[in-house]
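Q: Residues 1139 to 1184 (the working numbering) are what the sequence shown spells out, left to right.
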Amino acid sequence: MLGWIKKTSSVTKLALTIGFVVILVFIAIKLIPAFESFLHDFLGWY
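(1) Work out the CA separation of PHE1158 and PHE1164 for me, nearest whole Å.
(2) Given this structure, state the Cα-to-Cα distance separating VAL1149 from LEU1162, to the nearest angstrom.
(3) What is the rounded straight-line gap between the Cα of PHE1180 and the Cα of LYS1151?
(4) Please report the straight-line C-alpha distance between SER1147 and VAL1160, rounded to a whole angstrom.
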């Protein structure tokens, strides 16, 4: 039983990690124009 729980928790962690990365990529795609203008203002030479 405990081994099954450990296996499930590692799968859950993997799924959560993948979901988190997908959400981050989605947010990044949404924010890329704002982020580029921010980099332009922040770095100056961009």
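The beta carbon of each residue, even a glycine, is placed where N, CA and C say it ideally should be. The structure presented is a predicted model; accordingly, all values stated were derived computationally and were not measured.
A: Judging by the given coordinates:
(1) Computed Cα separation, rounded: 10 Å.
(2) Going by C-alpha positions, VAL1149 is about 20 Å away from LEU1162.
(3) When the Cα atoms are used, PHE1180 and LYS1151 turn out to be separated by approximately 36 Å.
(4) Using only the alpha carbons, I get a separation of about 20 Å.
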